[in-house]
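**Q** So that we are looking at the same thing, I have put the structure below in structure tokens.
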Amino acid sequence: MKKIELLSPAKNIETAICAIDYGADAIYIGANSFGARVNAANSVSDIAKVVEYAHKFNVKVYVTINTILTNDEIIEAQKLINNLYQIKVDAIIFQDMGLFELDLPPIKLFASTQCHNISLEKVKFLEKCGVSRIILARELSLEQIEKICKSTSCDIETFVHGALCVSYSGQCYLSAYNGNRSANRGNCAQVCRKKYSLLNSKDEIIKKDKYLLSLKDFNASDYLEKLIKAGVTSFKIEGRLKDESYIKNVVAFYRQKLDTIIQEEQKPSYGKINYDFVADLNKTFNRGYCSYFLNGKRDKIANFNSPKSIGEKIGIVKIVNKNYFSLNENILKNGDGICFYDENRNLVGTNINKVVDNKIYPNNINKIKKGTIIYRNYDMNFEKTLKNSRVKRKISCNIIIEATNSNYKITINDRYFSYQMNVKNEFDVAKNQYEAQDTIIKQFLKSGESEFAVDYVFVNLFLIPFIPVSKLNEIRRRLFDEFSKYRLQNYKYETKEITKTNHPYLAKNISYKENVFNDFAKKFYKRHGVKDIETAFEGDKQQSRRYELMRTKHCILCSLNLCKKQTKINEKYFLIDDKNKKYALEFDCKNCEMVVLNTDYV
């Protein structure tokens with residue numbers, strides 16, 4: 014029976030521990046360099062603390078080294094990977110194929126979605142290279158995912174929640190071109206979240222100053238069961254820059270959702286969690302949700318009006334007065350944040366100062382009209398609940414106290430481990446046997462800040478000793494400490510040796526889109542039969558020829574009901590940004606894809 018993993022992002026040590034406590038089976042975190050989020054870096058010593066805490070619950074820790082690297086950087090990356098192996102990080106998430114040319118320790122390698130894992134052929138190639146897991150492109154349908162899962166022995170990981178890159182991951186050069194901030198180097202400027210205007214070849218404006226490349230957020234919570242049946246074993250939440258509130262709510266939601274689908278034996282991590290709030294994805298940052306292309310159809314995946322959080326729909330304005338408004342049904346509270354679209358479809362936000370009965374007094378009532386749809390993008394009470402939430406994962410265990418010739422034998426066991434500790438018999442027999450036994454049980458039922466929760470204590474003694482409470486506490490702390498160390502020592506750390514292979518790559522000639530940025534990557538591709546290797550976009554100082562800055566399944570024309578397949582209009586279209594830069598658009602109608610081309614080509 015395959016284990017089903019819930020994988021959470023972690024910005025730092027605090028969010029990592031939070032993710033573990035709230036139900037993640039694994040976390041992915043950035044090291045101090047070479048991660049695809051430069052603002053989410055962590056020292057090896059901090060990651061070591063995360064690893065120690067995670068492994069107590071059999072939670073895995075994966076570190077992202079998923080940027081393309083220079084010749085000097087890749088040597089530093091090798092040193093970093095060796096250090097991460099020493100602290101028992103479970104896997105490295107990588108992008109740069111040059112890593113295969115290094116002398117790496119036997120640590121598992123996971124192919125990042127930045128590797129553009131879009132086809133079965135690419136997956137099979139990586140499998141033969143020795144990759145343990147493939148993180149699939151987000152654009153794939155359930156049918157495509159199932160086909161891949163059935164044809165590989167690699168673990169398959171898919172995204173299930175969070176922000177969507179409009180471009181195929183690893184294939185976006187718009188940020189690097191526009192402001193020298195490369196997504197493949199971990200420094201994306203998110204230019205897809207900016208305003209653009211759509212023009213035709215006559216310079217007529219089709220759509221002016223809208224967020225034409227901004228997608229809604231991904232929510233595949235209704236597809237979990239189908240994805241499991243398809244063969245997916247790891248479900249990834251996006252958000253390595255998100256705060257603890259996001260982690261608490263989203264991880265708790267998916268943990269509880271998964272637990273209604275899978276059997277207990279399919280959970281790879283240990284520990285029970287008692288939640289003190291009701292998780293709700295609508296109350297966490299979102300630009301509106303979509304299931305992207307999972308169902309194989311082109312649903313409404315973009316939000317042209319705003320890249321900001323919309324939140325949950327609350328109601329429709331029924332009455333507007335001088336300084337208050339009323340809804341058809343009100344659940345708003347003091348301190349809530351609301352937003353709505355004005356008559357020009359621009360997103361406007363304000364705070365609620367006070368609520369009296371059904372009269373809602375906002376900080377700014379301008380533009381709120383009768384019939385306006387109100388959304389709540391900040392639920393003050395819910396945020397307070399998350400902030401005050403103190404969920405802590407605990408491992409259920411039992412304790413048996415028995416006597417030997419000269420010692421007391423204390424056995425502690427959970428579902429997977431058993432440990433014995435001896436305590437010297439130097440105590441007098443208790444005068445009140447019942448009271449003494451009750452005291453022993455009460456003190457051993459306490460678990461404090463440890464990772465354990467004691468379900469029952471069985472005192473199997475003919476004569477009960479009198480043991481002072483302070484001594485009982487000392488014995489209990491020692492027992493928990495030794496059991497915790499024993500469990501960590503027996504953590505099943507899985508390794509995998511990488512052996513260099515020479516099976517042929519998918520093509521004999523490769524373009525800049527393979528992101529070859531160092532000599533090691535060139536050597537890798539040559540070893541796999543590639544003859545002509547083009548330098549990565551980031552390494553081309555000229556950048557004066559035709560480049561696909563972005564290829565995407567999102568089509569602006571389809572979103573505007575101007576699909577070329579339907580209209581049969583052979584018109585050329587262009588995007589212009591807020592700095593008056595112009596980009597040509599091409600439409601690959603056969604594959605239902607849109608391409609953004611660089612200005613020099615225009």
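Counting in our numbering, the sequence shown runs from 14 upward without gaps. All residues carry an ideal CB built from backbone N, CA and C; glycine is no exception.
State buried or exposed for S58, treating a residue as buried only when at least 16 other CB atoms are found within 10 Å of its CB.
**A** By the 10 Å Cβ count, S58 comes out exposed.
**Q** From the DSSP secondary-structure annotation, give me the bridge partner or partners of P478.
**A** Note: P478 sits in a beta bridge opposite V442.
**Q** Within 10 angstroms of its Cβ, does N359 collect 16 or more other Cβ (buried), or is it exposed?
**A** It is exposed - the Cβ of N359 has fewer than 16 other Cβ atoms within 10 Å.
**Q** Got a sec, what are the start and stop residues for the alpha helix (DSSP H) E396 sits in?
**A** Residues M393 to N401.
**Q** Taking C-beta to C-beta, are L177 and L133 nearer than 7 Å?
**A** Going by C-beta atoms, L177 is not nearer than 7 Å to L133.
**Q** Here's the rule: buried if 16 or more other CB atoms are within 10 angstroms of the residue's CB, otherwise exposed. What is P481?
**A** Exposed, because fewer than 16 other Cβ atoms sit within 10 Å of the Cβ of P481.
**Q** Cα separation between N377 and L294?
**A** If you take the alpha carbons of N377 and L294, they lie about 27 Å apart.
**Q** Does the pairing of the region 43 to 57 with the region 193 to 205 give three or more beta-carbon distances under 8 Å?
**A** Yes, the region 43 to 57 touches the region 193 to 205.
**Q** Report all residues from its chain with a CB closer than 8 Å to the CB of I365; omit the five preceding and five following residues, and keep chain order.
**A** Excluding positions up to five away in sequence, the list reads L345, K346, N347, G348, D349, G350, I351, I373, Y374, P375 and N376.
**Q** Count the other CB atoms, across all protein chains shown, that sit within 10 Å of the CB of M14; report buried if there are 16 or more and exposed otherwise.
**A** So M14 counts as exposed.
**Q** List the residues that DSSP assigns as beta-bridge partners of P22.
**A** According to DSSP, which records beta bridges pairwise, P22 is partnered with Y41.
**Q** Assign F471 to one of two classes, buried (16 or more other C-beta atoms within 10 Å of its C-beta) or exposed (fewer than that).
**A** The residue is exposed, with fewer than 16 neighbouring Cβ atoms inside 10 Å.
**Q** Taking C-beta to C-beta, are N290 and S402 nearer than 7 Å?
**A** What sits at residue 290 in the sequence shown is Phe, not Asn. In this structure, S402 lies closer than 7 Å to F290 by Cβ.
**Q** Straight-line CA distance for D85 to F465?
**A** C-alpha separation (whole angstroms): 46 Å.
**Q** Which of helix, strand or coil does DSSP assign to D168?
**A** If DSSP states are grouped into helix, strand and coil, D168 belongs with the strands.
**Q** State whether the region 327 to 342 contacts the region 204 to 219, with contact taken as three or more CB pairs (one from each stretch) at a distance under 8 Å.
**A** Taking 8 Å as the limit for Cβ pairs, the verdict is that the region 204 to 219 does not touch the region 327 to 342.
**Q** Using the C-alpha atoms, what's the distance from Y224 back to Y388?
**A** Taking the straight line joining both Cα atoms gives about 19 Å.
**Q** Can you give the beta carbon distance from D591 to K207, rounded, assuming they're within the 8 Å contact cut?
**A** About 6 Å separates the two Cβ atoms, so the contact holds.
**Q** For the beta strand (DSSP E) that contains R564, what are its first and last residues?
**A** Run containing R564: E561 to T565, per the beta strand (DSSP E) assignment.
**Q** So if DSSP puts H174 in a beta bridge, which residue, or which two residues, is it bridged to?
**A** Beta-bridge pairing links H174 to N232 and I250.
**Q** State buried or exposed for A520, treating a residue as buried only when at least 16 other CB atoms are found within 10 Å of its CB.
**A** With fewer than 16 Cβ atoms within 10 Å of its Cβ, A520 is classed as exposed.
**Q** Between which two residues does the beta strand (DSSP E) containing F338 stretch?
**A** Start and end: F338 to L340.
**Q** Name the two residues that bound the continuous alpha helix (DSSP H) containing V263.
**A** Here the alpha helix (DSSP H) through V263 covers E257 to D272.
**Q** Which runs of the beta strand (DSSP E) fall wholly inside the region 38 to 114 and span at least 3 residues, in chain order?
**A** Qualifying beta strand (DSSP E) stretches, in chain order: 39 to 43, 73 to 78 and 104 to 107.
**Q** Based on the DSSP secondary-structure assignment, which residues constitute the bridge partners of T424?
**A** I413 and Q433.
**Q** Pull up the distance between the alpha-carbon of I488 and that of Q433, whole angstroms please.
**A** Roughly 12 Å between the two C-alpha positions.
**Q** Using only the alpha-carbon positions, how far apart do D103 and M563 sit?
**A** Roughly 33 Å separates the two Cα atoms.
**Q** Among E606, F587 and K603, which has the Cα closest to the Cα of E217?
**A** When each option's Cα is compared against that of E217, the closest is F587.
**Q** If you compare alpha carbons, which of K62, N191 and V245 is closest to L149?
**A** The option with the nearest alpha carbon to L149 is V245.
**Q** Of the residues T580, T565 and E599, which one's Cα is nearest the Cα of C185?
**A** It is T565 whose Cα lies nearest to the Cα of C185.
**Q** Using DSSP's beta-bridge definition, name the partner residues of N213.
**A** For N213, which the question treats as bridged, DSSP gives the partners Y586.
**Q** Cutting at 6 Å between CB atoms, please list the residues of its own chain near A196, excluding the five before and the five after it.
**A** Closer than 6 Å at the Cβ level, and outside the excluded window around A196, lie C185 and S188.
**Q** Would you report the Cα separation of K505 and Q456, rounded to the nearest angstrom?
**A** Roughly 32 Å between the two C-alpha positions.
**Q** Identify the residues that DSSP records as bridge partners of T363: which are they?
**A** T363 is bridged to I351.
**Q** Could you give the distance in angstroms between the alpha-carbon of T165 and the alpha-carbon of C128?
**A** C-alpha separation (whole angstroms): 17 Å.
**Q** For K372, which residues does DSSP report across the bridge?
**A** According to DSSP, K372 bridges with V369.
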